[in-house]
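Below is one structure, written out as structure tokens; comments come after it.
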Amino acid sequence: MNIIVEGSKDKDGTPYAVGTPNATEDVYNHVKPGRKRANFFRYFRFNLPRLTKVILVLVVAAIGGCALGVAVSGHPPFPHGEIALWIVALLAAVYVVLAVFTRIAIWDYGSMIAAGACIVYLGGILGNAPFVWNGASLYLAATWNLMLFTSLAYFVLNWAVNFGILVVWPDTQGFTD
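If you want it as structure tokens, here you go:
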């Protein structure tokens, strides 16, 4: 293993790294001119690609399951809201099947499913959302709210993948889990 152990600065002001080249080189690509360090989140990288893939697929499956649960409940969030919920559930099912059975990196497309679920949720807020005070059961209200929270969780996870904090299989970057 080639360990870099230097302490001074280069002629252009870039400090030498301490560690392996693979762990430090890409961080220095993100140092903005006039700054000495990269963005705070650039120093975090979790190389568990298969686990991250499973988590992303489970979050989208939860979005689809919640949308399906609300769609078949008989308490539409707004007029003809079942159609929108069925579309979200169908897209989530297609996403899960593609993610499980292919090597296609479709992680950004999950954001469209999460955005669709958030739009349906906002439509329900303006309409007759299945909350307890609107006559829905506690379980249906929890399912309805879980659809929003899992969508927001997917946005955060997808941001972390695109920012380089998380690595998703099939991109292993030389690591396995």
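All letters in the sequence shown, in the order written, are residues 21 to 197 by our numbering.
Glycine included, every Cβ here is placed at the ideal spot set by N, Cα and C.
Reduced DSSP category for residue i - H, G, I as helix; E, B as strand; rest coil
| i | result |
| --- | --- |
| Asn22 | Unreliable positioning characterises Asn22 in this predicted model, as indicated by a pLDDT of 47, which lies under 50. A coordinate reading is not provided. |
| Phe151 | coil |
| Val92 | coil |
| Gly54 | coil |
| Thr122 | coil |
| Phe98 | coil |
| Asp197 | Its pLDDT being 46, under 50, Asp197 is placed unreliably by the model, and the measurement read from it follows with that caveat. The answer is coil: DSSP assigns Asp197 none of H, G, I, E or B. |
| Ala180 | helix |
Terminal residues of the alpha helix (DSSP H) in which residue i lies
| i | result |
| --- | --- |
| Ser157 | That residue, Ser157, is in no alpha helix (DSSP H); it is neither H nor E in DSSP. |
| Gly143 | Tyr129 to Leu146 |
Residues bridged to residue i [DSSP beta-bridge criterion]
| i | result |
| --- | --- |
| Leu186 | Phe66 |
Own chain, CB closer than 7 angstroms to residue i, minus 5 neighbours either side, in chain order
| i | result |
| --- | --- |
| Ala161 | Pro150, Phe151 and Val152 |
| Ala113 | Gly84 |
8 angstroms Cβ shell around residue i - same chain, five flanking residues per side excluded
| i | result |
| --- | --- |
| Leu168 | Ala137, Cys138 and Tyr141 |
| Ile103 | none |
Residues of its chain near residue i, where Cβ-Cβ distance is below 6 angstroms and the 5 sequence neighbours each way are ignored
| i | result |
| --- | --- |
| Tyr174 | Val79, Gly130 and Ala134 |
| Leu88 | Ala109 |
Any non-hydrogen atom of the ligand ATP within 8 angstroms of residue i CB
| i | result |
| --- | --- |
| Arg65 | This structure does not include the ligand ATP; it has no bound ligands of any sort. |
How do the stretch 84-103 and the stretch 177-190 stand: do at least 3 beta-carbon pairs fall below 8 angstroms, yes or no? no
Are the stretch 114-125 and the stretch 71-87 touching by the rule of at least three beta carbon pairs closer than 8 angstroms? yes
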